[in-house]
Amino acid sequence: METRDVVVVGGGLVGSAVAYGLARQGLKVALLDEGDQVFRASRGNFGLVWVQSKGEGKHDYARWSLQSAHLWPGLAEMLMQDAGVDVQLQQRGGLHICLSEKELVDRQARLATIQQGVGDDYTFQVLDLQQAREFIPGLGPDVAGATYTPMDGHANPLKLLRALNASCQVRGVSIVRGAAVTDIRREGGCFRIRTAAGDWQSDRVVLAAGLANRKLGAMVGMDVQVGPNRGQVLITERTRPVLDYPTNYIRQTDEGTIQIGDSQEDVGYDDNVTVPVLAAVAARAVRCIPALGQLRLVRTWAALRVLSPDKFPIYQESEAMPGAYVVTGHSGVTLAAQHAITLSPWLAGGERPAAIDGFRADRFPPSSEIKTMGADDAH
Ligand SMILES: Cc1cc2nc3c(=O)[nH]c(=O)nc-3n(C[C@H](O)[C@H](O)[C@H](O)COP(=O)(O)OP(=O)(O)OC[C@H]3O[C@@H](n4cnc5c(N)ncnc54)[C@H](O)[C@@H]3O)c2cc1C
């Protein structure tokens with residue numbers, strides 16, 4: 001049996017960021033990951049480091065996202081120093097495109113409410129079509145306007161995952177693939193973690209296995225209410241640089257492709273693409289930027305978001321088994337900096353940061369009392 005200070009379960013963006021942060025604290029860490037046969041949001045996301053629409057109804061979340069955007073350049077620098085991987089972070093700001101006056105007016109009101117709750121750090125501008133075209137000249141006549149914030153940006157999410165994994169290795173983290181965790185129990189003051197690739201022992205265990213956290217949480221006495229939400233994404237052929245700013249559903253990647261997305265569908269654990277949804281996503285993009293209609297599509301995919309009932313993250317230490325934690329939720333790209341930098345002292349045994357007070361697992365009624373989405377099928 002191998003022994004480490006901390007075992008992190010799940011090698012997606014969340015687990016990799018957490019493992020990296022813990023290794024930077026000087027702890028001996030193992031990162032156990034099941035593999036390609038399970039759902040992996042980190043391989044299918046849109047790559048936005050996004051703040052402007054975050055935190056409606058929960059200003060703590062807007063602040064948490066904004067702080068993460070501020071911490072992101074430091075994370076990118078750390079990853080470059082440790083692993084030599086450029087994650088292609090760009091934070092020039094981003095636009096949310098509106099296709100009707102009503103959408104623009106509603107959006108302004110929503111962002112103003114978030115701003116009131118967060119304070120002057122949260123800045124945005126409302127742009128009419130002419131002003132929006134100063135940012136993106138190719139916007140079509142159907143566009144009513146856009147909201148812009150300087151806080152937004154994007155990165156290459158696959159390079160981020162690679163950089164986190166490589167940096168973990170540089171910092172001595174044991175990364176084990178094909179290690180599906182099947183049982184966790186506390187015995188003799190430490191955790192024993194059974195996997196398909198051998199058993200592990202540790203003082204602490206962090207569950208960061210995305211949709212599987214519901215099942216794994218029950219092993220350490222936690223009711224982790226996460227469920228799937230499907231997003232479908234399209235990729236065009238590479239083209240010359242045409243988009244200097246990311247938008248909420250169109251961005252140009254560092255490789256030159258245009259990424260178009262993404263749908264939001266409650267379809268359980270179905271991660272197939274469907275032509276009607278892809279067609280609707282593509283049509284909306286062409287209304288926004290008509291020249292996109294000239295590009296060939298080269299790839300499509302669907303992936304499942306990891307969502308709690310209120311869509312905000314869950315950060316919790318188990319009361320039944322202290323030393324076991326769960327770190328999970330949506331926006332694993334945006335929040336990668338918080339997960340790697342801010343959470344690690346807490347996960348290493350320090351004080352719970354006040355900033356995450358609102359993200360406890362027990363803010364929801366127990367799942368035994370509510371109708372769920374058949375989440376036991378997460379595997
Ligand atoms: C379409 C789409 C677009 C998105 N766009 C954005 C965006 O623009 N910006 C943003 O910030 N976020 C975005 N997200 C969200 C982001 O991708 C997720 O928040 C993030 O990837 C979640 O990472 P994770 O590590 O929690 O989960 P996952 O990536 O799902 O990883 C879970 C890992 O756990 C492992 N695992 C599962 N069960 C076990 C087990 N029993 N034992 C061991 N390992 C196990 C799996 O092998 C897997 O590697 C998007 C998501 C989707 C689906």
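Residue numbers for the sequence shown, in full-length UniProt numbering: 1 to 379. Ideal Cβ placement from N, Cα and C applies to all residues, glycine included. Being a predicted model, the structure only gives us computed values, none of them experimental.
If we require 3 or more residues per run, which beta strand (DSSP E) segments fall completely within the segment 82–133?
Fully enclosed beta strand (DSSP E) runs of 3 or longer: 94–98, 125–128.
Taking all protein chains shown into account, decide if Glu77 is buried (16 or more other Cβ within 10 angstroms of its Cβ) or exposed.
With fewer than 16 other Cβ atoms within 10 Å, it is exposed.
Between Asp33 and ligand 1, is the CB less than 7 angstroms from at least one heavy atom?
True, at least one ligand heavy atom lies under 7 angstroms from that Cβ.
Given 7 angstroms as the limit, tell me if Thr328 has its C-beta closer than that to any heavy atom belonging to ligand 1.
Checking every heavy atom of ligand 1 against the Cβ of Thr328, one is found closer than 7 angstroms.
Could you check if Leu234 belongs to the surroundings of ligand 2, using beta carbon to heavy atom distance under 7 angstroms?
As presented, the structure is devoid of ligand 2, carrying ligand 1 as its sole ligands.
Could you name the residues of the same chain whose beta carbon sits closer than 8 angstroms to that of Val18, not counting the 5 residues immediately before and after it, in chain order?
Answer for Val18: Val8, Val206, Ala208, Val327, His339, Ala340, Leu343, Ser344, Leu347, listed in chain order.
With a threshold of 7 angstroms (Cβ to nearest heavy atom), would Gly268 be considered close to ligand 1?
Gly268 Cβ: outside cutoff for every heavy atom of ligand 1.
Among Gly55, Ile184, Leu158, His154, which residue has its Cα nearest to the Cα of Lys215?
Nearest option by C-alpha distance: Ile184.
I'd like to know whether the C-beta atoms of Leu243 and Ile260 end up nearer to each other than 8 angstroms.
Going by C-beta atoms, Leu243 is not nearer than 8 angstroms to Ile260.
Three-state secondary structure (DSSP) at Leu278?
In the structure shown, Leu278 sits in a helix (DSSP, three-state: H, G or I).
Does ligand 1 have a heavy atom nearer than 7 angstroms to the CB of Val7?
Incorrect: Val7 has no Cβ contact closer than 7 angstroms to ligand 1.
Are the segment 90–108 and the segment 145–156 in contact at 8 angstroms, needing three or more beta carbon pairs?
A contact exists between the segment 90–108 and the segment 145–156.
To the nearest angstrom, how far is it from the Cα of Tyr315 to the Cα of Trp72?
The straight-line gap from Cα to Cα measures roughly 20 angstroms.
Got a sec: does ligand 1 put a non-hydrogen atom nearer than 7 angstroms to the Cβ of Asn165?
Asn165: no, Cβ never under 7 angstroms from ligand 1.
Shorter than 7 angstroms, the distance from the beta carbon of Gly15 to the closest heavy atom of ligand 1, or not?
At least one heavy atom of ligand 1 is nearer than 7 angstroms to the Cβ of Gly15, so yes.
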